[in-house]
Structure formats: C-alpha cells, structure tokens
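869 is the number that our numbering gives the last residue of the sequence shown; the numbers go up by one with no jumps. For reference, the structure discussed in these notes is given below.
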Amino acid sequence: MRNVIFIAPFPLSATLTFCKALSRVPGVRLLGLFQEPPREDVGFAHVERIPDALDPAWIRRGVEALSARFGPIHRLLGVLENAQEQIAQVREELGIDGMRVATAQVFRDKARMKDALRAAGLPCARHMLAHSDADVHAFIAQVGLPVVVKPPAGAGCRATYRVTDAASLKQCLAESRPSPQRPALVEEFLQGEEHSFETLTLGGQVRFYSITRYLPTPLEVMENPWIQWCVLAPRDIADARYDAVRKLGQDVVAALGLQTGITHMEWFRRPDGSLAVGEIAARPPGARIMNLMGQVYDRDLFLDWARLMVDDRVDGYFERRYAAATVFLRQPGGNRVLDVQGLDQAQKAMGHLVVDKHLPQPGAPRADGYEGEGWVMLRHPDTEVVMEGVRRLFQTVKVRYA
Ligand SMILES: Nc1ncnc2c1ncn2[C@@H]1O[C@H](COP(=O)(O)OP(=O)(O)OP(=O)(O)O)[C@@H](O)[C@H]1O
Ligand SMILES: [Mg+2]
Numbered sequence: 468m469r470n471v472i473f474i475a476p477f478p479l480s481a482t483l484t485f486c487k488a489l490s491r492v493p494g495v496r497l498l499g500l501f502q503e504p505p506r507e508d509v510g511f512a513h514v515e516r517i518p519d520a521l522d523p524a525w526i527r528r529g530v531e532a533l534s535a536r537f538g539p540i541h542r543l544l545g546v547l548e549n550a551q552e553q554i555a556q557v558r559e560e561l562g563i564d565g566m567r568v569a570t571a572q573v574f575r576d577k578a579r580m581k582d583a584l585r586a587a588g589l590p591c592a593r594h595m596l597a598h599s600d601a602d603v604h605a606f607i608a609q610v611g612l613p614v615v616v617k618p619p620a621g622a623g624c625r626a627t628y629r630v631t632d633a634a635s636l637k638q639c640l641a642e643s644r645p646s647p648q649r650p651a652l653v654e655e656f657l658q659g660e661e662h663s664f665e666t667l668t669l670g671g672q673v674r675f676y677s678i679t680r681y682l683p684t685p686l687e688v689m690e691n692p693w694i695q696w697c698v699l700a701p702r703d704i705a706d707a708r709y710d711a712v713r714k715l716g717q718d719v720v721a722a723l724g725l726q727t728g729i730t731h732m733e734w735f736r737r738p739d740g741s742l743a744v745g746e747i748a749a750r751p752p753g754a755r756i757m758n759l760m761g762q763v764y765d766r767d768l769f770l771d772w773a774r775l776m777v778d779d780r781v782d783g784y785f786e787r788r789y790a791a792a793t794v795f796l797r798q799p800g801g802n803r804v805l806d807v808q809g810l811d812q813a814q815k816a817m818g819h820l821v822v823d824k825h826l827p828q829p830g831a832p833r834a835d836g837y838e839g840e841g842w843v844m845l846r847h848p849d850t851e852v853v854m855e856g857v858r859r860l861f862q863t864v865k866v867r868y869a
C-alpha cells in the first residue's frame, strides 16, 4: 500500500472529485488533511483535521501524525492554487517526491513567471511589479494604454482592472494602492482571443495536451454582468492552426522547470496571429475544464490525473471524439436566484446536445464570479453544432434574480 495524502481546507464538491479519483488508483491508501473533513465517503482510509490547511507548519504536523500512524508517505497532493507552495515546502522538508518550492513559486508568482518566460524567449505581456502609483505611471508612459493591473498571485479574476484612460487609472490606483508591502502587477494589455492549454507532463515532457477557447475572455465577463461565459473545447486540435501553441505549451513547461504534473495555461491569439502566454498554473484547471476534457475524450481525466500524480504514468490513447462546451448561466439582477426562464424552449432546440447540467437553484445567493450560479454542458462530434447550441442557449436561457 502506498500512503497518499490529499490536503484541502474545505470539502468542496469539485475538490472531492479528485479524492475519489485518487482512491481508485490500485494500491493507494488515501489519507486526508482537512480543516473541515468531508461528511460523505470519498475513499479516505482516514482524515486528520488541522486548524489551517494553508499553513506549512500545520500541514507538516498533520503529515507527521499520519506518517506516525500509517508509515512512510508516497505522495502529498492538493489541487488549490494557493496551497501549492506550502505543500511543496512540506514535501521538501520531509523528503516526499513531487514539485519543489522553486517550481511552485515560479508558477504561482505571475511576475517571476513572466521573467522566466521572457528569459527563455517565450512571448508574454510586458509587465512591471509596481510598488507605487509612480511605478504604474512610468510603466504606462513606456508601453501606453490599455494596461491590466492585478495582484501578483491572484485567482478568479479578483481585483483585476483594465485601465484604458485617466479615469479608470485613477479608480484602479485608488482600489489597488500599490506599495512595497503590497505590490501590484501591471501588464501590457493582450488583445485577441483567449484560450487554455492543458497538459499532463511527465519527466518534463508533455505527454497529453488539450485546448479550449474562452468565449469571451474572463475579464470581459467580469466587466459585463449580462455576459454569459462559455468554455468551448473544439474537436480538432491536431491541425496546423494549433502547431504554434503546441510548441509554445511544451516550451513553457520546460522553461518553468516542471518535471511531473498537470498544467493549465491561458494564452492569447492576437489579431495578427501571433501568440502570447497569459499565465500558467501547475495544478488542474478550474471552470469545469477537467469535466469538459472528460466529455471530449470520453474518459475520466480525473483518473488520468490521479495515475500521473501517484504512479508517474500517462496511460492509453487519448482520442478527441467530440467537441464540447460548458455554458455558465448568469445575468445581472438582484442578490438571489428567482428562477430560470426558457428551459422548455432550450430543451426543444438543443436538448439532444446536453450531456450534463446544474441549473441555478431558486433562492441561491448570487455568485460573484464568471462561473455564475449554474452551467450546462453540450457535446457533439461536430464543433459547429456545439457552437450553434451554445448560441441558442445564450439566447433562450435566462436566470432571473430577486
Ligand atoms: N495582460 C493581459 N492582457 C489582457 N487580458 C488580461 C491580461 N491579464 C489578465 N487578463 C484578463 O484577466 C483575466 C484574469 O487574469 P489572470 O488569469 O492573470 O488572473 P487570475 O486571477 O489568475 O484568473 P483566473 O483564476 O480566472 O485564471 C484573464 O483571463 C484575462 O481575461
Ligand atoms: Mg487566469
């Protein structure tokens, strides 16, 4: 039996899917470290409670307690972006295999990431880590408007501003207030289409990759409450259109020094066709992209992740058999979901394409992110059919709020 520890603060359902997958890998005894242990059975042999699952000292104490009881630890894993450095630190301290602190840092800190990418000659937005308003002004004088101002290690598009003119600059500085203690990342604004690029990487080599398209960009979704967001996985990603990003994806993983793990990169295709990296994370993608890939390849990508993390293996043949899309349902309005309109019409128009859904629940509080309160997944062998389904869904299904 190999002892595999999975760590997370809270038992969110998206998080528990990863636990279930780990527990299905043969020869694994799954152990948990949680602030709030899961109530349902997701395959843990034992769960240890710790007061702070993001504090390396507590993580270490938890790991030591589990190891005292169950024996040597084979892997220490977690999927949250803001836990990766702490987990890596404890791995290093206790000599457990897996991603190291230096690697975790370069993936987490967007300024370091861009320094490393540029040093390797890979395209990304010009940036500056601003310690004051004056730094921001100086950067804008150099690259011009628009720029993006955001936290150096942000997530979920929080506190991310597009600065287009003097007024938006003033407002952004008032809110982000860059200082030496709390620097802000300022970036040249990348124009164009935004996509993602996921990999399963083994021994520094990309062994599996997948691509999605964001419609529209997460920033535009956050700026406009009436926009519904969609992540589309086109069926065919082997054609020449994607040659450059295949190479870029491998080069980025190599430049940042990841040996083994899953990655989620965001990249832009500019109007002139050139590519630029937005950012990359060494953890599974969010926004249901794991589930979306599962639909496209007709296989359990969570299990593929688990096998990679536990056994250093990528098995089998990944055939892209479908195109698929997740439409996130959201609208402007009040603070609670009242109902969802247009479902019957949508069912008639594209019900045959729907493979999974979670409808916004009446009474549910309004979500503040681009993922809204619910989602619908569509799938079909033909990408155009999925796209048409997405358009119809956008037009017919509306969430109302009270
Ligand atoms: N330099 C840039 N040019 C254009 N758009 C940008 C730039 N930086 C960020 N954005 C937009 O803001 C979004 C959020 O930025 P970023 O991905 O860096 O932050 P994040 O908080 O980690 O987001 P998430 O967790 O949603 O991936 C991006 O998906 C993109 O739409
Ligand atoms: Mg991002």
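Ideal Cβ placement from N, Cα and C applies to all residues, glycine included.
Consult DSSP for residue 863 and reduce its assignment to one of helix, strand or coil.
If DSSP states are grouped into helix, strand and coil, residue 863 belongs with the helices.
Whole angstroms are fine: how far does the CA of residue 593 sit from the CA of residue 838?
In this structure, the CA atom of residue 838 is about 28 Å from the CA atom of residue 593.
Could you tell me if residue 651 is buried or exposed, where buried requires 16 or more neighbouring beta carbons within 10 angstroms of its beta carbon?
With 16 or more other Cβ atoms within 10 Å, it is buried.
Does any heavy atom of ligand 2 sit closer than 7 Å to the C-beta of residue 761?
It does not: the Cβ of residue 761 is nowhere closer than 7 Å to a heavy atom of ligand 2.
Tell me the DSSP bridge mates of residue 669?
DSSP lists 672 as partners of residue 669.
As assigned by DSSP and simplified to three states, the class of residue 474
It is a strand residue.
Using 8 Å as the threshold, is the segment 609-617 in touch with the segment 757-769, meaning 3 or more CB pairs across them?
With the cut-off at 8 Å, the segment 609-617 and the segment 757-769 do not touch.
Grab me the residues of residue 613's own chain with a C-beta within less than 7 Å of its C-beta, minus the 5 sequence neighbours each way, in chain order.
If we look at residue 613 and ignore the five residues flanking it on each side, its Cβ neighbours are 629, 630, 631, 656.
Name the DSSP bridge partner or partners of residue 747?
DSSP lists 732 as partners of residue 747.
Do the CB positions of residue 663 and residue 676 come within less than 8 Å of each other?
Not closer than 8 Å, so no.
What separation, rounded to the nearest whole angstrom, lies between the Cα atoms of residue 511 and residue 775?
In a straight line, the C-alpha of residue 511 is about 19 Å away from that of residue 775.
Pull up the distance between the alpha-carbon of residue 826 and that of residue 840, whole angstroms please.
Cα-Cα distance, rounded: 7 Å.
Which word fits residue 758, buried or exposed, when buried means at least 16 other C-beta atoms lie within 10 angstroms of its C-beta?
Buried, since its Cβ has 16 or more Cβ neighbours within 10 Å.
Just checking: is the beta-carbon of residue 714 within a distance shorter than 8 Å of some beta-carbon in chain D?
The question asks about chain D, but that chain is absent: this structure has only one protein chain.
Taking only heavy atoms of ligand 2 into account, decide whether any of them is closer than 7 Å to the Cβ of residue 745.
It does: the Cβ of residue 745 is within 7 Å (strictly closer) of some heavy atom of ligand 2.
Can you tell me whether residue 845 is buried or exposed? The criterion is at least 16 other CB atoms within 10 Å of its CB, across all chains shown.
Here residue 845 is buried: its Cβ has 16 or more other Cβ atoms, across all protein chains shown, within 10 Å.
Just to confirm my understanding: we take residue 722, look at its own chain, exclude 5 residues before and 5 after, and list those with CB closer than 7 Å. What are they?
Counting only Cβ-Cβ distances below 7 Å, and skipping sequence neighbours, we find 583, 584, 587, 589.
Buried or exposed for residue 477, going by 16 or more other Cβ atoms inside 10 Å?
Residue 477 is exposed by the Cβ-count criterion.
Specify, as a first and last residue, the run of the beta strand (DSSP E) that residue 795 falls within.
Per DSSP, residue 795 belongs to the beta strand (DSSP E) from 790-796.
What three-state label does DSSP hand residue 766 in the structure shown?
Under the three-state reduction of DSSP output, residue 766 falls in the coil class, being neither helix nor strand.
What does DSSP give as the partner residue(s) for residue 709 in the beta ladder?
Bridge pairing for residue 709: absent [DSSP].
Tell me whether residue 733 counts as near ligand 2, meaning its Cβ is closer than 7 Å to at least one heavy atom of that ligand.
Result yes, Cβ under 7 Å from ligand 2.
Are there 16 or more other CB atoms within 10 angstroms of the CB of residue 734, so buried, or fewer, so exposed?
Its Cβ being crowded by 16 or more others within 10 Å, residue 734 is buried.
Quick check: does the Cβ of residue 685 come within less than 7 Å of any heavy atom belonging to ligand 1?
Correct: residue 685 has its Cβ closer than 7 Å to ligand 1.
My guess is that residue 521 and residue 471 are in contact by the Cβ rule of under 8 Å, so how many angstroms apart are they, rounded?
With a beta-carbon spacing of about 20 Å, residue 521 and residue 471 fall beyond the 8 Å limit used to define contacts.
Using a 10 Å radius around the Cβ and a threshold of 16 neighbouring Cβ atoms, would you call residue 847 buried or exposed?
By the Cβ neighbour-count rule, residue 847 is buried, with 16 or more other Cβ atoms within 10 Å of its own.
Check this for me: beta carbons of residue 698 and residue 640, under 8 Å apart or not?
In this structure, residue 698 lies away from residue 640, with their beta-carbon atoms at least 8 Å apart.
Taking 7 Å as the line, does the beta carbon of residue 656 fall inside it for any heavy atom of ligand 1?
Yes, ligand 1 has a heavy atom inside 7 Å of this Cβ.
Only counting the same chain, and skipping five residues up and downstream in sequence, which positions put a Cβ closer than 7 Å to that of residue 688?
Closer than 7 Å at the Cβ level, and outside the excluded window around residue 688, lie 694, 696, 837.
With H, G and I counted as helix, E and B as strand and the rest as coil, what does DSSP make of residue 742?
Three-state result, residue 742: strand.
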